[in-house]
Structure formats: C-alpha cells, structure tokens
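Heads up: the protein sequence lines correspond to chains U and X, in order. Mapping to my numbering: the first sequence position 90 is 90, numbers consecutive. Mapping to my numbering: the second sequence position 47 is 363, numbers consecutive.
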Amino acid sequence: MNEIKKQATRDAYGEALVELGNTRRDLIVLDADLAAATKTGMFKKAHPDRFFDCGIAEQNLIGVAAGLAATGKLVFASSFAMFAAGRAFEQVRNSVGYPHLNVKIGATHAGISVGEDGATHQCCEDIALMRTIPGMTIINPADGVEAKKAVFAAALLDGPVYMRFGRLALPTIFDEAYKFEIGKGVQLTDGTDIAIIATGLMVNEALIAAETLKNEGISARVLNIHTIKPLDRDLVLEAAKQTGAIVTAEEHSVIGGLGGAVSEFLSETLPVPVLKVGVQDTFGMSGPALEVLKHFGLTAEDIVAKSKEAIALRNA
Amino acid sequence: MEQAQKNELAKIARMVRIGVIESTHSAKSGHPGGSLSIAELLTYLYFREMNIDPKNPKWAGRDRFVLSKGHTAPGLYAVLAQRGFFPVEELVKLRHTGEMLQGHPDMKHTPGVDMSTGSLGQGISAAVGMALSAKISGDSNRVYSILGDGELEEGQVWEAAMFAAHKKLDNLCIAVDWNNLQIDGELGEVNSPLPIKEKFEAFGFHVIEIDGSDFDQIEAAYAQAKTVKGKPTAIVAKTVKGKGVSFMENKASWHGSAPNDEQYAQAIAELDAVLTKIGG
C-alpha cells in the first residue's frame, strides 16, 4: 500500500489562494501578522501587489475586508479562528454579515489540534458563533483536496463565507476527481445501523470507526458534512430515516457546532438519538496535537463507543 | 466662498436640520443631537465636495461616504433626501416597522448609503478598505467619513488610523465631529479621547482643525485635504451638539432622545426663523 499523502488544510488554503490569484485579478488577500502560519504568505509571495498585512489588529482586518468588498473586490481575510471569529465576531456580524458582503474569512488553527499553544488559541467556539449570523456560509474541509476545492467554490459564491482550516497535517481522503459543492454533504460509506455525521478532521476518524464497526457486524453510514451552514438537510434526514441513530463528530465544542445543527434540525423533523463526539464544555490544553485529540475524546475509538451507545439508545 | 453660495448651503443645512427634527419626532426616538452638529459638514460633502450621482447611486466611480457615527443616520438621511437619492417623504417613516429608513444606516436597502454602520469604530475601517480598494485599482475617487468624538474611545478607530497612514491612503479624508458630548456626559467626564489633533498627527495623519459650522473653513479644509500626498487627512471639526435648536444645544440628553410635539413645534419655528435670517 502506498503511503498516504498528508497535508494540513491551511497549506491547501495557501496553495488555492495562489492559484485563484492567477485567474482572479480582483482577489485581495489580507492577514493580521500571521501570514507565515495561515499560509497566506504563499499568496503574498506570488501576488505581492494584492496582499496586505493589517498587523495585529483583527477588528480592523475585518472592517477593511468589508470596505474592499463594498467596492467590488473579492476578499479573503485571514487570522487564527480564535481571533477571526472570536475577537472580531462583532465586526464579522455587523460589517460583513449584516450587509452580506463578499468577504471570505480564512480562519486557520481552528480546534484543539493547534496543540502545544494551548487553550487560549484552541478555538472550539467558532462554528457556533458563525452559525448565528444570518446568511453566513460555513465550510470545514476534511482534507487538503477538499480545502482547495472549497476555496474555489467559495470564490464563486457571492456573500460571506467562513472557512475553517487546521494546523495539523491530515491524511488525504479525496482524489482530484472528488466533486465538491457548497451545501451538499457527501455520503462516504453506506450503512443502516448507525449514521456517523462528521466534519473536518473527524471525517477520517469516522471512516476508521466505520471499518471497526463493520468488523463487529455493525453497518455504519458515514457522511462528510463539509458545509455546516447551510446544512444538507436532505442527506441528514435520509440518514436519520434509514438508520434511526446518529453520532456527530467534530473538532469543536459539542455546543452549537455540527452536533448542534444536526440536533436542532432533527428535533423538528425526525427526533432520533443524536450523540455528540466533540470537545465537551471545556477549554483545551497544551500538548502534541494527536495526544490532545485523544485526551479530549476525538478519535475513531470514541466514535465507535458513541455509535454503540446511540444504537442502544435507539433500541431501548 | 461667495455669500450667495454660502446662503444656498445654509438653506440646505436648514432643510437637513428640519429633516432631522421631523424624522426623529415621527420616530419618537433617534439621535438628533449629533445629527444637527454635522448638518454643515454633510451639506458641504453632498452638495459641493463629493462626486456622486443620485440617479445612479451605485455608480462605481463615485466618491464614497461612510457615516462611522452611524447613530446620526437622521442627518445622513435628511441630506440624501435633499440631494435626491430618495423622496423627502421617506424621512417621517424613520424607524417605522417595515420601512426603508432603519435606525442605523443600511446599505442594502437605502439608496446613497455606501456602508452599513452603527456599531462605533467599524465605519472607519470600512472607509479605509474602500480607500485601499481605489488605490489598488488606480481609481481617482475619494473616500470620506465622519466619526464622533466619543467614538474615538473605540480601539478599532486607532487600528484603522494606523493602517490608513501606513498604507499612505491620501484619498481618505475623515472628519471628527468634536461636539464634546457623549451619552454619559462631557468627553472629559467619561473617558477623554483628547487631545484629538495630536493623536491623529501621531498616527500619521495630516490634521486640520476647523469650526465645523463655517462653510468657508469646511471648504478650505476639504480643498487642502486633496492637496495632501502620502497621508490621510483628519478634519477635526469643532461643533455644537444639537446646533440650530436652542434647547438642544450643548445638552448630552439630546444625544438619543426625540422631540415631543411641543418641542417639535418650537424646533421647527426656530428653524423657520433661520430662513428669514438667511433671506430666503
């Protein structure tokens, strides 16, 4: 077996911006003194005349992005998720969301896989925050291929998009033929006993979990929900109907993220058990990414255990 | 400026003030004080300074205006209506459910509004982004903004100012409405942003101090701003909150409250008397 290629979604983001800049002359990229880390530095190198560093000032970063978009530019504004969605939340809400401006927020270093930097930088609230803004599209890609395709798709969408990228190199799941469409989830495995609805780096864990469950005679359906808003309701509802038990898996707080979105939707359409694998109501901590993920219960094993719980709950 | 021109602008500023009083009276809420203090600035910008087309409010080549102190939307709406962006009749529907004129400017639904504002500190950043956009594209249009003096207490204002100067945005001209009052009282009692001139100079702006109700000084300041190269300009305009309505002048309580029927009648009577004075 060939060695699986690994790439962090932030690296794919940087590559995609460079490519996009070759064809889209209206593309402007902004950063807040983190270009080396967010990988917008790749764009800066390739298209220096269309890159602007706003310095350590994320509120102004988002406001400048809004002004550029209001005059017709396609803008990608980047910082860490903690600062783009957290510190600048109200700027995103009032200067970008309310006027529905064409600003793409490329938020990197999302989730606890930031690792060693610890709790202050491990943003597990960004999806919840962004979901509350009317008209905001939220994309959380699962690997480098999907991240790149998501950037191109977001560039074609007229309106605000929050894009969530990670620091950790992830196994590549998809090949170049993979079709990406904003708002359309992807069923990766068919199954009838349990549906694992995953996003971001938990998609790969969900696939491993499905293999384990299969060996134990449990048929698991895996959905990749790369677009958390708008949620692919049809795909989620179909999974709920055909399995009757759901586990959501995300590198985000169990409050307000994918698990929240799925629960909110199904509670009004087809109430079935929805158990959540995610960061429980707690802050992160320092440590190597993989160890931290394990510590907080974000592994394939955790998905397997939750799947069995969900099935038991359904059958009770 | 010739007296006739000055009189013409004074008449428009008077109509702007009447619009502020009529709209806030009808809404039974809103922000008349800081709308009245910038009536001359708005009048000059929309009738002399800016290259705009009310028939084509989204014209790409237009100058842009961002009311960073978005709560004084009644002033902006009144001048937009006077300039012909929408009928004057809209003004009395301010803040009414389902109507166009929102409590704070909404660029999606109001012709002539270039940016949605209202959360203080955010407008200037958007104006800076617009100025940067023009520089990137090599466009010659200019970007204007008015900020409140109390608004200068927002940290984002200084993030934006630092960036604008660093990027040498000489196509950006902001004005600070220095009426010395904010909701909780005088600037110095609350959390003083003073000195304003020195702060903007330290941040790399060309600064001009003027009397913000004097059309000659306003004209000179905006003309000078256009000659400045390599740095943005800040016009620090000394103004009077509530100007033109005697009982509203210099009173913080008129920051965010509307005139009742009696006060409305008195305000309109005072503004009518102005017309006699100008000789209209």
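Backbone N, C-alpha and C fix where the C-beta goes; we use that ideal spot for every residue, glycine too.
Within 9 Å of chain X by C-beta, residues of the region 59–92 of chain U in sequence order: GLN59, ASN60, LEU61, ILE62, GLY63, VAL64, ALA65, ALA66, GLY67, LEU68, ALA69, ALA70, THR71, GLY72, LYS73, VAL75, GLU90, GLN91
Following the continuous alpha helix (DSSP H) through VAL203/U, name the residue where it begins and the one where it ends. Here the question's residue 203/U lines up with position 203 in the first sequence. VAL203/U -> alpha helix (DSSP H) spans 202–215.
Could you tell me the boundaries of the alpha helix (DSSP H) in which HIS317/U lies? The shown model of chain U, from 1 to 316, leaves out residue 317/U, and the question about it has no answer.
Buried or exposed by the 16-neighbour rule on C-beta atoms within 10 Å, applied to ASP588/X: Residue numbering aside, residue 588/X sits at position 272 when the second sequence is read from its first letter. Label assigned to ASP588/X: exposed.
If you run the structure through DSSP and keep just helix, strand and coil, what is TRP261/X? Since the first residue shown for chain X is 317 and the last is 596, residue 261/X is missing from the structure and cannot be characterised.
Have a look at the DSSP bridge pairing and note the partners of ASN224/U. Taking the first residue of the first sequence as position 1, residue 224/U is located at position 224. Answer is VAL186/U, ALA198/U.
Under 8 Å, Cβ to Cβ, is there at least one residue of chain X near HIS47/U? Within the first sequence, residue 47/U is the residue found at index 47, counting from 1. Closer than 8 Å: no.
Measuring straight from C-alpha to C-alpha, what distance separates PRO427/X and PRO373/X? Counting from one through the second sequence, the residue named residue 427/X turns up at place 111. Counting from one through the second sequence, the residue named residue 373/X turns up at place 57. Using only the alpha carbons, I get a separation of about 6 Å.
With DSSP run on the structure shown, which of helix, strand or coil describes THR172/U? Indexing the first sequence from 1 puts residue 172/U at position 172. Three-state result, THR172/U: coil.
Give me, in chain order, the residues of the same chain whose beta-carbon lies closer than 6 Å to that of ASP532/X; leave out the 5 immediate sequence neighbours on both sides. The count along the second sequence starts at 1 and reaches residue 532/X at position 216. For ASP532/X, where only same-chain residues beyond five positions count, the Cβ hits under 6 Å are MET317.
Since ARG380/X sits in a beta bridge, which residues does DSSP pair it with? Position 64 of the second sequence, counting from 1, holds the residue named residue 380/X. ARG380/X pairs with VAL459/X.
When we look at the beta-carbon of PRO421/X and count the other beta-carbons within 10 Å, is it buried (16 or more) or exposed? Translated into positions along the second sequence, residue 421/X becomes position 105. Buried: at least 16 other Cβ atoms inside 10 Å.
8 Å is my cut-off, CB to CB: does MET416/X come that close to chain U? If you number the second sequence from 1, residue 416/X lands on position 100. Taking Cβ atoms only, chain U never reaches closer than 8 Å to MET416/X, which makes this a no.
Can you list the beta strand (DSSP E) stretches of 3 or more residues lying completely in the region 63–103 of chain U, in chain order? 74–80
Bridge partners of ALA550/X, per DSSP? Here residue 550/X is taken as the residue at index 234 of the second sequence, counted from 1. Paired residues: ILE490/X, VAL523/X.
Give me the chain U residues within the contact set of ALA583/X, using Cβ-Cβ distance strictly less than 7 Å, ordered along the chain. Against the second sequence, residue 583/X aligns to sequence position 267. Those within 7 Å of ALA583/X in chain U number zero; the least Cβ separation is about 31 Å.
Selection from VAL277/U, LEU275/U, MET130/U that minimises the alpha carbon distance to THR227/U: Numbered from its first residue, the first sequence carries residue 227/U at position 227. The candidate whose alpha carbon is nearest that of THR227/U is MET130/U.
Where the beta strand (DSSP E) through VAL247/U begins and ends: Position 247 of the first sequence, counted from the first residue, corresponds to residue 247/U. That run of the beta strand (DSSP E) goes 246–253.
Would you tell me roughly how many angstroms separate the C-alpha atoms of GLU406/X and ALA343/X, rounded to the nearest one? The residue labelled residue 406/X in the question sits at position 90 within the second sequence. The residue labelled residue 343/X in the question sits at position 27 within the second sequence. Using only the alpha carbons, I get a separation of about 12 Å.
Note the first and the last residue of the continuous alpha helix (DSSP H) segment covering ARG10/U. Residue numbering aside, residue 10/U sits at position 10 when the first sequence is read from its first letter. Its alpha helix (DSSP H) spans residues 9–23.
Considering only residues of the same chain and omitting the five flanking positions on each side of VAL161/U, which have a CB-CB separation below 6 Å? Counted from its first residue, the first sequence places residue 161/U at position 161. Excluding sequence neighbours, VAL161/U sits near LYS104, THR137, ALA154.
For the ligand FAD, any of its heavy atoms closer than 7 Å to the Cβ of PHE89/U? This structure lacks the ligand FAD; in fact it carries no ligand of any kind.
Is the beta carbon of LEU358/X less than 8 Å from the beta carbon of LEU325/X? Your numbering for residue 358/X matches position 42 in the second sequence. Your numbering for residue 325/X matches position 9 in the second sequence. No; because the gap between Cβ atoms is not below 8 Å, this pair is not in contact.
Distance check for GLU146/U and ALA177/U, CA to CA, integer angstroms please. Looking up residue 177/U in the first sequence gives position 177. Looking up residue 146/U in the first sequence gives position 146. Taking the straight line from one Cα to the other gives about 11 Å.
What are the residues of the region 433–444 of chain X that lie near chain U, defined by any Cβ-Cβ distance shorter than 9 Å? THR433, GLY434, SER435, GLY437, GLN438, GLY439, ILE440, SER441, ALA442, ALA443, VAL444
Residue closest to CYS362/X, alpha-carbon to alpha-carbon, out of TYR580/X, SER461/X, GLY346/X: As a position in the second sequence, residue 362/X is number 46, starting the count at 1. For the sequence presented, residue 362/X should be read as Tyr rather than Cys. Cα-wise, what sits closest to TYR362/X is SER461/X.
Does any C-beta atom of chain X lie closer than 8 Å to the C-beta of GLY318/U? This structure gives no information on residue 318/U, because the portion of chain U shown stretches from 1 to 316.
From the DSSP secondary-structure annotation, give me the bridge partner or partners of CYS123/U. Along the first sequence, one-based indexing puts residue 123/U at 123. The partner list for CYS123/U (beta bridge, DSSP) reads ALA110/U.
Simplified DSSP state of VAL544/X, which is helix, strand or coil: Taking the first residue of the second sequence as position 1, residue 544/X is located at position 228. It is coil, neither helix nor strand.
ASN102/U CB to nearest chain X CB: under 8 Å? The residue labelled residue 102/U in the question sits at position 102 within the first sequence. No, no contact with chain X.
Just by C-beta distance, which residues in the region 357–389 of chain X are closer than 9 Å to chain U? ALA376, ARG380, VAL382
How would you write the range of the beta strand (DSSP E) that ARG164/U sits in, first residue to last? Taking the first residue of the first sequence as position 1, residue 164/U is located at position 164. Element bounds for ARG164/U: 161–164.
What does the alpha-carbon distance come out to for the pair ILE173/U and GLN498/X? Residue 173/U sits at position 173 when you count from the first residue of the first sequence. Residue 498/X sits at position 182 when you count from the first residue of the second sequence. Their Cα atoms are separated by approximately 57 Å.
My assumption, with CB atoms under 8 Å, is that ALA70/U sits in contact with ASP126/U. Please give the rounded CB distance. For the purposes of this step, residue 70/U is taken as residue 70 along the first sequence, with counting starting at 1. For the purposes of this step, residue 126/U is taken as residue 126 along the first sequence, with counting starting at 1. So it is not a contact: roughly 24 Å between Cβ atoms.
ASN60/U classed as buried or exposed, judged by whether at least 16 other C-beta atoms fall within 10 angstroms: Position 60 of the first sequence holds residue 60/U. Buried, because 16 or more other Cβ atoms sit within 10 Å of the Cβ of ASN60/U.
Using three-state DSSP, classify THR299/U as helix, strand or coil. As a working note, residue 299/U is residue 299 in the first sequence. Correct three-state label for THR299/U: coil.
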